[in-house]
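Chemist: Chains as they are written, first to last, in the working numbering: chain A, 20 to 539; chain B, 2 to 1035.
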Amino acid sequence: MFAGCAVLSVACSTSDYLDVNTNPNAPQSVSPNLYLAPMIHWMVTAPQYDGRFVGHYTQEWVSTSSNFSPAQTWGRMGYDPASDNGAEQWRDVYWSLGQNLVDMMTKAKAEQRWDLLGVGLVLKAWGWQALTDLHGEIIVKEAIDQSKFSFDYDTQQYAYFEIDSLLNAAIVQLQRSDGAVDPGYLAVGDKMYNGDRTKWLKLAYGMLALNHNHYSNKSTYNPADVISLVDKSFTSNADDALLPYPGTSPDNADFNFWGPRRDNITRYRQTQFVVNLMNGTDFGVVDPRMSRMLAPSPDGQYRGLDPNVLGFGALSASQQPDNFYGYPGTTGAGLPSRYIFSDKSKIPLMTYSQLQFIKAEAAYRLGDKATALNAYTNGIASHIDFVNARNSDDNQAVTQISSAEKTAFLASPQIIPAAGALTLTQIMSQKYIAQFGWGHNELWMDMRRYHYTDIDPASGKQVFPGFTPPTNLYADNGGQVVQRIRPRYNSEYVWNRAGLDAIGGLALNYHTKPMWITQP
Amino acid sequence: MVWLSVHQNPVHVVMKARVLMVLMGTVLIAAPAFAQQKTVTGKVTDEQGAPLSGVSVVIKGTNRGTSTNGVGFYSLRAATGDVLRYRYLGTLPVERTVGAEDVMNVQLTRTATSLNSVVVTALGQTAVQRSIGTSQQTVSGASVAQTQRENFVNALQGRVAGVNVTSSSGVPGASSSITIRGISSISSSNQPLMILDGLPMDNKTLNTGVLASDAPGSATAFSNRGVDFTNRAADINPEDIESITVLKGPEAAALYGIDAANGAIVITTKRGRVGGGLEYSNSFRIEHTGARPEIQRVYGPSAVGSTTFLYFGAPYADTAKLYDNVDGFFRTALTQKHNLSFSGATPDSKISYRLSTGVTRQQGVIPGADYNRTNLSGASTGQVTSWLNADLSMIYAYDTNDQSFKGDNGPLLGLLVWPSTDNAKDFLTPAGTRRRLTNLSAASEVDNPYFSVAKNTNKSRNNRLITNLGLTVTPFSWGNIHTILGTDGYTNQNQIVRDPQSALGLTRGGILDRADDITRNLNAQTLLNINSHAFTKSLSISGLLGNAISDEKSTVDALTGQGFLDPNFVSINNTTLKSNLTTITQRRLVSGFGQAVIDYKNYLYVTVQGRNDWTSTIPVARNSFFYPSITSSFVFTDAFPSLRRFMTGKLRAAIAEVGRDALPYSYRPSLENKTTSYGGYGYGFTGPNLGLKPEFAKSRELGTELSFLNDRLGIDATVYRKQTKDQIVQNIRGSYATGFILFNLNGADTRNTGLELTVRAAPVRRTDFSWDVLANFDHERGVTLALPHALPESYVSDTWLYGNVRSGTEPGLSTLSLTGLFYLRDTVPGRHAILIDPSSGLPLRSSVFIDRGYDRQPDYTVGLTNSFRYKRLSLDFLLDFRKGGDVFDATQHYLTTRGLTPATLDRNKPIIIPGVLRDGKENTANPTINNIVIVPAAQTAYYTNMSEEQFIQKNINWVRLRDITLSYVLPERFARNASVFVTGTDLFLITNYTGLDPIVNGNDAAVGGAGGVGIDYGNFPVPRGVNFGVRLGF
């Protein structure tokens, strides 16, 4: 009984007896730089998740896995009903960044960490850019509000202006060196640039250039502005925004998404379209990058699959292309792989090469062919270096492209023509190669800007030579090619139908509705 | 009561505590003085004259008393004029006034269910049945133990109206979920509070969310599927249970408060009695698997080597050697149990003791699946002084459990799809690794079942000690103070191996999980009982005030490792990639409560109760909440004695409210240590809800208890209606634009209604032959009325375990409904024909989860117990009937998509699927009727893309013999009390269900809401068993 009294008095005379509801398993708030690493991870990695499906639209690859998804849905420019496939970036922008980004920026501002605040603004801008380019209308103004349970969509035009203003704000912050700006502090969460704000500043300019270049179908398109932004941006491959994958976590979360350990594209194969860009079919010269980026068949030939044919079609076993790791069938964890498809290969968010092609396109449209050719040549040369770098990130066994091979390739007039003879087909095809496998968002935007099959008036060839949409389009498409991905199913089609209805998102063929940015 | 109802702040708890301390202080000072007294002795016997031991003999209006010894004698000091009250569970109480005589012999009448029998109620109180205004039912420990179930929870099905027990599978140690009066909570636990000897007992089933490999975002998560763990109530040895009382609704359980919103199961363990002696019993069981899956053996695999075992190939050649891979997989399981107890008491019953030990060694019919339990328990009581009684009970349990995997990863599916052309028993290569048949990626080839049970293991070990110390102080003549202090602590160690060679483990080089759950729950409860006080001759009042404090804490330390260095050595030290996860969960609860019982002429009783809880899991501003209840009982046959010639009867009415809190850490989000590149922190899935408030259930019930023919026929009927408002829905989704994925929100509204009917009859009652019948009828229905923020659907994500069917509910639907990507149908009223794709001739399916009227709730269930006694022979059996309720046979769907069910044998017969073409005219009066002929064998999408809807079997009925026991009492020359028995368990099942067994749970008992009940996927059915053994008393 005394024990009972003791329990009672100790328990009850302490008014904080009940104060045990602070979660002991995890903090509720941390230093702002600790929020950063996961957000950078997703900024680079989430586009790869969705790239499995976008890559079917752009015909980078096709899955041989089954009669169903993704070959029979995405491969036919459709989608997976009642599935969150193709909406990883939706998840990561709203959730992985989401409130974390709000908290980080609030704290960074309060602590006068202008560099971290600038990085936050870049992340925020990236989010809207990625989402609006995939989905068109998105939720911007009302986003990140836990008191709301239905959300209105904003127009793509609004999203584009918001990205512009966010990047300009980021540029202001990233130029500051006062306050508590501290590369060492920033580097705790930033393994992409190790806390170097000047590189983030270049990235902000690069993202602005990309944003402005998407206006190519509009009367307001300003190519000179795009060129000037690219010039303030990356100056060499050393500026590339690359995320390394340490590969130490048992849940595989910090392994390269494409690597054999993650086993995501074991049954994917390159398309004939991609192979033709590099095997001389389209440009008359065998690209030295082909054997370092693509996979041969067991007979040593490079072949691609036809998205209109299920599986390997009539190809014999020795003719069936190997997977991207370089093996005929399955593979196991830890086997050496190639290019960006290895467990620890770095994945870029944006590259110098990519920006040079943006500059080349802008200069070409401006009529400045000499600038265009120079940027175009830089783009190819730097991408060859990029391929070599990616083929050594994970101690792969792939032979490097020798400088002789590189020189010979760049000396080929079919590849590097005279300035006056440069075509959009060449610029966009080389940009496609440089973005193959990782730059799905921009790659698909390029194809939609040229309506997949636009003809380059100068060359008379398609801008993307030989590209043909699937002959048997997905049933819901109503015969139209895909223009956007439907917003995330388990976020919007189940829980925000009113918001979707207002933008026509409930229509069965919503994914074929052209976007504002690609229209005049 | 008075002060309880007005205070809503913990500060007042302090005050109340002080009140109690003062009261307790007076205990120590008050030196009881007694008047002129003499010693009264006597013998208490039953109707047949047999002595009754343990009968309580108390001087009415006081707490002074004793109990009878082993030969029925008692001795007590009392004064002339005192009224002695003789009470014994299950008999009519008797009162005698002390007169001139010194010897008072008393005969008690057994009356298991009559209005005057003494029963246990909430808080361990006893009361006369007539005074109780709510529905409750008691099952004796003996009848539970007699079923020979290792997990006593499984013995309750059919024995109590309104109780529903679902075992996860037929594997030893499988978790069992128990619900009373249906499913009211959409996402939280619907299981009742378990009370052991007056204090809460933990009945947790380990949630796989604590495993390090289940960390958020993990691709290796079990999500409460695939593996199962014992529900912890199974730690109690059924042989130690004296009785189990089920308090069904919030009305009956209101005094237990917050955790008893779903009712309470009150377990009383055995105590020593005079003349107890030594008892030994044993039991040996032989079990066989009851049902065997049926697969076609006509058509062979499509292409062994490159497909996931699809059977759309050519017919087997007549000469093909086919192996019966199922044969020899199941084993004959042997189980043995031994129980030994010693008990006794001093002749004056001032000191009693009971020590017992039990050993259970259970084998499963699946090789390698075992459950072993060792129990040691002791209970002693002592009358320390005339005013102080102490009671100490301790229960120690050690159990080990090896289970196979189930569902997707379990051996049953492998057993079914393994090619008959291959001998599955030969599962290793000469090099000792997994022998594979395909060149698919390792994860795509189902594990050979023999390999699976040998290599993928789920082992757990549990050490548990429950101690309760009860002190009863009787300082005054008008009442007593009863304090119980209890600890319930266990260490539960789990080890799960996904073998490096297995489908689940291969790409990661094996996955090992370890999780140690250290749980310690502390409880203290103090009651001030105020004895009945008569205001007038016909009106009296009694009451109690109480206080309870609980502190529940669980710390799970989990480790996971991948990449086994030595593929056959199981240790975390043998893995290369490791990570860990600590999950601490703590809740504290302080409560004050009170009760007053007004008794008018012993036939009208009104009981008023109130309770206030202060919980740690709700934001401080709203963490204190009060709720009242009022119940009444009216014995109308005493009020109108003229009726008594025909019957005795009572009416009951009760209305109660009960509040309920949230899970710990529900309202404020915390950050997770992310495992993506270079770590860092980020929010988890669940967003904040600082406005979280408690939910309230308001319940009312009406009932009657009638008996006829001199108590040979009795009826107990109850109707109830419970509405839960502001229900907290865990993990409900919203638009990701909130910044989060899941929320814990108030705002669901559910309503449960039902009818419970218990009929008991004694058709024959002769000296050497008797026949008793007990029938429990239960009809219940739970409906979702609203969801938070008018969201369209709420579902339990762990139940989305096969295809696209899940436990989802929408406003207007049953709480046990299933939603899915069902077939699209036209919108013409009365037609609703399936829409057919004009290009393929196959049905079209919805792309959103929709309702098609599937409901797992049975129309009714009946448990029918028959007991026959003929001289020394007795026969008891329980038949369990169920009518209605849907069951999803996912196993059958899985087999059909692979062309393995006998139903796929007519694959070459051209068919036209009835329906209308989706050609734009489908919703008109003149749609195009489908006329597209398909040949399933050629168009295998007919099977492979078949909707799961085809496999939700509607209106499943069953009759099953749950248990049957034949026992024979040996003549006394062998032992003082000896009997032999044979018990059969689950001997037969008659059902319209075409799967193996409709009692299924696709998940385990850890899953909240309606859970995976009625989802049958790769589950092993309950085996048939025959037990035999002896009981001996010396």
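Ideal Cβ positions, reconstructed from N, Cα and C, are used throughout, including at glycine.
1) From the DSSP output, read off the bridge partner residues of B:Met648.
2) At 9 angstroms on the CB atoms, spell out the chain A contacts of B:Leu792, in chain order.
3) Return the Cβ separation of B:Asn777 and B:Gly885 in integer angstroms, given the expectation that the two are a contact with Cβ distance under 8 angstroms.
4) Indicate whether the contact test is met: 3 or more Cβ pairs, each with one atom in the region 283-302 of chain A and one in the region 688-708 of chain B, closer than 8 angstroms.
5) Quick one: measure Cβ to Cβ for B:Pro844 and B:Ala334, integer angstroms, because I've assumed they're closer than 8 angstroms.
6) Take every Cβ of the region 225-237 of chain A, pair it with every Cβ of the region 456-474 of chain A, and state whether three or more of those distances are shorter than 8 angstroms.
7) Roughly how many angstroms separate the alpha carbons of B:Asn548 and B:Thr458, rounded to a whole number?
8) Taking only three categories from DSSP, how would you classify B:Tyr943?
9) State the Cα-Cα distance for the pair A:Ile522 and B:Ser848, rounded to the nearest angstrom.
10) To the nearest angstrom, report how far apart B:Val636 and B:Gly163 are at their CA atoms.
11) With distances taken from CA atoms, which of B:Ile930, B:Asp856 and B:Asn956 is nearest B:Val806?
12) Would you list the residues sitting across from B:Pro629 in a DSSP beta bridge?
13) A:Ile163 by DSSP, collapsed to three states: which one?
14) Tell me which same chain residues have a C-beta within less than 6 angstroms of the C-beta of B:Arg97, skipping the five on either side of it?
15) Could you tell me whether the Cβ of A:Leu354 comes closer than 8 angstroms to any Cβ of chain B?
16) Beta carbons nearer than 8 angstroms to chain A: which residues of the region 669-683 of chain B have them?
17) Would you mind telling me which residues of chain B sit closer than 8 angstroms to A:Asp164, beta carbon to beta carbon, in chain order?
18) Would you give the residue range spanned by the alpha helix (DSSP H) that A:Ser372 belongs to?
19) For a test of the three-state rule: what should DSSP assign to A:Met20, helix, strand or coil?
20) Along chain A, in chain order, which residues have C-beta atoms closer than 9 angstroms to that of B:Gln138?
21) Give me the chain B residues within the contact set of A:Asn569, using Cβ-Cβ distance strictly less than 7 angstroms, ordered along the chain.
22) Assuming contact is defined by CB atoms lying nearer than 8 angstroms, are B:Asn1020 and B:Ser170 in contact in what I supplied?
23) Near A:Ser117, what residues of its chain come up, given a Cβ to Cβ distance below 7 angstroms and the 5 sequence neighbours on each side ignored?
24) Pull up the CB-CB distance for A:Pro307 and A:Gly323, whole angstroms please, since I reckon it's below 8 angstroms.
25) Can you give the Cα-Cα distance for B:Phe741 and B:Thr687, rounded to whole angstroms?
26) Which residues share a DSSP beta bridge with B:Val360?
27) Helix, strand or coil for B:Val366? Go by DSSP, reduced to three states.
28) Tell me where the beta strand (DSSP E) around B:Ala1 begins and ends.
29) According to DSSP, B:Ser968 sits in a beta bridge with which residue or residues?
30) Is the CB of A:Ile158 under 8 angstroms away from at least one CB in chain B?
31) Looking only at its chain, what residues have a beta carbon closer than 8 angstroms to the beta carbon of B:Ser815, apart from the 5 residues adjacent to it on each side?
32) For B:Ala128, does the three-state DSSP call read helix, strand or coil?
33) DSSP has A:Gly348 in a bridge; who is on the other side?
34) In chain order, what residues of the same chain lie with their CB nearer than 6 angstroms to the CB of B:Phe331, ignoring the 5 residues before and after it?
35) Counting only beta-carbon atoms, is B:Tyr1037 nearer than 8 angstroms to chain A?
Modeler: Checking against the coordinates, here is how it stands:
1) B:Phe709
2) Phe168, Val513 and Trp514
3) B:Asn777 to B:Gly885, Cβ: 17 angstroms. No contact.
4) Under the Cβ criterion (8 angstroms, minimum of three pairs), the region 283-302 of chain A does not count as touching the region 688-708 of chain B.
5) The Cβ separation is near 43 angstroms, so there is no contact.
6) yes
7) 45 angstroms
8) Note: B:Tyr943 maps to helix in three-state DSSP.
9) 19 angstroms
10) 24 angstroms
11) B:Asp856
12) B:Gly611
13) In this structure, A:Ile163 counts as coil in the three-state DSSP scheme.
14) Leu85 and Met105
15) no
16) Under the 8 angstroms Cβ criterion, the region 669-683 of chain B contributes Arg669, Pro670, Ser671, Leu672, Glu673, Asn674, Lys675, Thr676, Thr677, Ser678, Tyr679, Gly680, Gly681, Tyr682 and Gly683.
17) Ala738, Thr739 and Gly740
18) Tyr371 to Leu385
19) For A:Met20, the pLDDT reaches just 35, beneath the cut-off of 50, and the residue's location in the model is therefore unreliable, although a value from the coordinates is still provided. In the structure shown, A:Met20 sits in coil (DSSP, three-state: anything other than H, G, I, E or B).
20) Near B:Gln138 there are no residues of chain A at all, since even the closest Cβ is about 32 angstroms away, more than 9 angstroms.
21) Past the edges of chain A, shown from 20 to 539, lies residue 569 of chain A, and the structure says nothing about it.
22) yes
23) The sequence given here has Gly at residue 117 of chain A, not Ser. Once the five neighbours on either side are set aside, the close Cβ partners of A:Gly117 are Ile163.
24) That belief does not hold up - the Cβ atoms of A:Pro307 and A:Gly323 are roughly 18 angstroms apart, past 8 angstroms.
25) 6 angstroms
26) B:His339 and B:Thr375
27) coil
28) Shown here, chain B extends from 2 to 1035; a query on residue 1 of chain B therefore has no answer.
29) According to DSSP, which records beta bridges pairwise, B:Ser968 is partnered with B:Ser875 and B:Phe982.
30) yes
31) Arg782, Gly783, Val784, Thr785, Asp856, Arg857 and Gln858
32) When secondary structure is reduced to three states using DSSP, B:Ala128 falls in the strand class.
33) Its beta-bridge partners do not exist; DSSP assigns none.
34) Thr290 and Val366
35) Residue 1037 of chain B falls outside the range modelled here, since chain B spans only 2 to 1035, and no answer is possible.
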